[in-house]
Amino acid sequence: MRSIAGRGAAEHSDPRPLGGYTATILAYAGSVGAVTLLGGLTGRRLPDSMSTRELVVTALAAHKLSRLMTKGTVTAPVRAPFTWPTGDDGGPGEVMERPRADDGVGRSLGELLSCPFCFDVWLITALTIGHVFAPRVTRTVTEATAALAGADFLHLAYATAQQIAEGEPPAAGPDGGAQPGGPGRS
12 MRSIAGRGAA EHSDPRPLGG YTATILAYAG SVGAVTLLGG LTGRRLPDSM
62 STRELVVTAL AAHKLSRLMT KGTVTAPVRA PFTWPTGDDG GPGEVMERPR
112 ADDGVGRSLG ELLSCPFCFD VWLITALTIG HVFAPRVTRT VTEATAALAG
162 ADFLHLAYAT AQQIAEGEPP AAGPDGGAQP GGPGRS
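Be aware that the sequence shown starts at 12, since it is given in my numbering, and climbs by one per residue.
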């Protein structure tokens, strides 16, 4: 059996932009390291734990903020240097995009900025840093954004209930789920 080192470059070439991913990981690790150092120098301490309420509010806020940043129509200009529109419809007030085709950091940023699951890691890290360095502001932002997520859910539930009351089955969205008609907010 031949070792990986003995294989030709064509046999183990990886189509993923590993250099871009590596740079992104190093930027993340460097940011977390710098904030950790700053926290130590200023005597900041991590909270002992999050209450169930804080956990739920932070999860709702992270969901809404990540959807807004990665799918929101109004935030498309932020993503535009790194993504292309796919032409598919997203949810109400959302657009679908894919990373630009380059193989470097730009593609890795395009993936990060078009994937709410990927963006959540960075967002939760930022919210955690906020809880350490600016807890009141972070709490206000997370509570307001969680309320916005709740309002969005109620808009979608109302539109679905209205369609059912009018005898129309709820429209299926691109993922097979209900997608009430009419524009929503991002």
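Ideal placement from N, C-alpha and C gives every residue a C-beta, glycine not left out.
Predicted model only: the values in this text are computed from it and were never measured.
Here residue 94 carries a strand assignment [DSSP, helix/strand/coil]. Linking residue 178 to residue 103 through their CA atoms gives a straight-line distance of about 21 Å.
Taking 8 Å as the cut-off, the Cβ atoms of residue 72 and residue 156 count as close. Shortest Cα-Cα distance from residue 101 to any of 88, 78 and 35 involves 78. Going by beta carbons, residue 136 and residue 43 fall inside the 8 Å limit. Here residue 163 is buried. Its C-beta has 16 or more other C-beta atoms within 10 Å. Each residue's CA atom was taken as its position, placing residue 48 and residue 56 some 11 Å apart.
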